[in-house]
Structures are given as structure tokens and as C-alpha cells.
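Peer 1: After the C-alpha cells below, expect a handful of questions from me.
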Amino acid sequence: TSNGVATMTGTMTIGIGTSTNNLLSGVSVFNADQYANFTTTYKGTSDNQSFIDSGSNALYFSDTSITQCTDAAGFYCPTSQQTLTAVQQSQSTSVSQLITFNLGNTDTLSSAFSATDGVLNNIGGNGSALQFDWGLPFFLGRTIGVGLESKASNLASGPYWAY
Numbered sequence: 033t034s035n036g037v038a039t040m041t042g043t044m045t046i047g048i049g050t051s052t053n054n055l056l057s058g059v060s061v062f063n064a065d066q067y068a069n070f071t072t073t074y075k076g077t078s079d080n081q082s083f084i085d086s087g088s089n090a091l092y093f094s095d096t097s098i099t100q101c102t103d104a105a106g107f108y109c110p111t112s113q114q115t116l117t118a119v120q121q122s123q124s125t126s127v128s129q130l131i132t133f134n135l136g137n138t139d140t141l142s143s144a145f146s147a148t149d150g151v152l153n154n155i156g157g158n159g160s161a162l163q164f165d166w167g168l169p170f171f172l173g174r175t176i177g178v179g180l181e182s183k184a185s186n187l188a189s190g191p192y193w194a195y
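In our numbering, the protein residues as written are 33 to 195.
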């Protein structure tokens with residue numbers, strides 16, 4: 033939801049194609065460089081050091097046109113929720129995908145969940161140039177496979193991202 037949720041559940045399955053419960057099919061495979069980076073194009077700028085990171089609490093990218101927060105330093109606080117798009121591109125193949133994501137006011141959203149440590153799917157922070165950090169909000173509602181370097185699966189040989 034646009035206001036987050038108080039709790040969530042999910043599953044992390046280790047391995048791709050090593051058992052009947054972790055076969056991935058019908059997904060796009062994004063080959064990555066040796067650092068697990070791929071390219072994201074956002075508002076005409078290609079960020080070739082982009083990555084997916086479940087350990088980041090938000091989406092981190094550079095956009096000087098979005099208002100910065102006053103309370104949550106380093107995060108974005110647009111006056112109303114924004115619907116934004118970016119294109120993810122595989123490093124060595126022609127695979128690409130348009131990703132639509134929402135960006136809310138982090139000051140407002142985080143104060144609503146300060147007592148419950150809620151899960152927010154629409155917060156973003158000011159990131160480094162040439163990087164787009166697809167943090168935890170990107171994982172919500174998706175099944176994502178991570179192919180480790182030099183490890184083969186039913187999809188490809190790593191490193192890659194698949195979803």
C-alpha cells in the first residue's frame with residue numbers, strides 16, 4: 033500500500049534449481065558484471081553500477097529535482113506520492129525491463145510507523161551518481177533469484193539477477 037504495512041511475511045530460498053522448491057522459470061535474467069552490477073537508466077542517465085540489495089531499507093538514487101527531507105536526512109520527501117520509472121538493462125545481453133515504482137514522503141511515512149517499525153514500500157534516498165540501489169522495496173511482491181559468480185543454474189551461469 034502507499035502507506036506501508038505494520039508487518040510482512042515471506043520466504044528466502046537458498047539456491048536456484050538445486051531442489052524442486054527453487055526452480056525459477058518465466059523470469060528475465062539480467063547478467064551482471066563481476067561486482068553484481070547492471071545498468072539502470074533513470075531520467076536519461078545511465079547508472080552502470082546499479083545493484084539489488086535486500087539490506088538497503090529504501091531505493092537509493094540521485095535526483096536533484098525531488099525535495100529532500102528535513103527530519104529523515106538523506107531521504108526524499110516529495111509533497112505528494114510520485115510514480116517514477118526506470119529501465120533496468122543486463123550488462124552483456126539485450127534483456128531490459130521498465131520498472132515503475134512509487135516514492136512517498138519519508139518524513140510523513142516514517143513518523144506513522146515509528147512505534148511499529150513498519151515496512152515501507154515507497155521510500156527513497158539520495159544515492160551516489162552512477163549507482164541505483166534497488167533496496168528492500170524492490171523485493172516486495174517479487175520472486176528474485178541471485179546467481180552467484182561462476183555458479184550455474186537452470187537459468188544461466190552467474191553473476192546474474194533474475195525476476
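We put the beta carbon where it would ideally sit given N, CA and C, even for glycine.
Just to check, is the beta-carbon of Leu168 closer than 7 Å to a non-hydrogen atom of the ligand SAH?
Peer 2: Looking for the ligand SAH in the displayed structure turns up nothing, as the structure carries no ligands at all.
Peer 1: Take Asp103 and list the residues in its own chain whose beta-carbon comes closer than 6 Å to its own, dropping the five residues that flank it on each side.
Peer 2: Taking the first residue of the sequence shown as position 1, residue 103 is located at position 71. The residues are Asp139.
Peer 1: Please go through the same chain and pick out, in chain order, the residues whose beta-carbon is closer than 7 Å to the beta-carbon of Tyr74, but skip the five residues on each side of it.
Peer 2: Taking the sequence shown and counting its residues from 1, the one referred to as residue 74 is at position 42. So the qualifying residues of the chain are Phe93, Ala118, Phe164.
Peer 1: In terms of residues, what are the limits of the beta strand (DSSP E) holding Phe83?
Peer 2: Here residue 83 corresponds to residue number 51 of the sequence shown, with the count starting at 1. Its beta strand (DSSP E) spans residues 77-84.
Peer 1: Between the C-alpha atoms of Thr125 and Leu141, what's the straight-line distance to the nearest angstrom?
Peer 2: As a first step, residue 125 is located in the sequence shown; it is residue number 93 there, counting from the start. As a first step, residue 141 is located in the sequence shown; it is residue number 109 there, counting from the start. C-alpha separation (whole angstroms): 38 Å.
Peer 1: Hey, Gln129 and Ser185 are a contact pair by Cβ (cut 8 Å); roughly how many whole angstroms apart?
Peer 2: Here residue 129 refers to the residue found at position 97 of the sequence shown. Here residue 185 refers to the residue found at position 153 of the sequence shown. No, Gln129 and Ser185 are not in contact; Cβ-Cβ is about 19 Å, not under 8 Å.
Peer 1: Quick check: the region 175-191 against the region 95-102, are there 3 or more CB pairs under 8 Å?
Peer 2: The region 175-191 is not in contact with the region 95-102.
Peer 1: Would you mind reading off the limits of the beta strand (DSSP E) that contains Leu180?
Peer 2: One-based indexing of the sequence shown puts residue 180 at position 148. That residue, Leu180, is in no beta strand (DSSP E); it is neither H nor E in DSSP.
Peer 1: How is the beta strand (DSSP E) around Phe133 delimited, first residue to last?
Peer 2: As a first step, residue 133 must be located in the sequence shown, where it is residue number 101. Phe133 -> beta strand (DSSP E) spans 128-135.
Peer 1: Does DSSP classify Ser189 as helix, strand or coil?
Peer 2: Taking the sequence shown and counting its residues from 1, the one referred to as residue 189 is at position 157. In this structure, Ser189 counts as strand in the three-state DSSP scheme.
Peer 1: Among Gln123, Ile48, Gly157, whose alpha-carbon lies nearest the alpha-carbon of Asn137?
Peer 2: Locating residue 137 in the sequence shown gives position 105, where the first residue counts as 1. Of Gln123, Ile48, Gly157, the residue nearest in Cα terms is Gly157.
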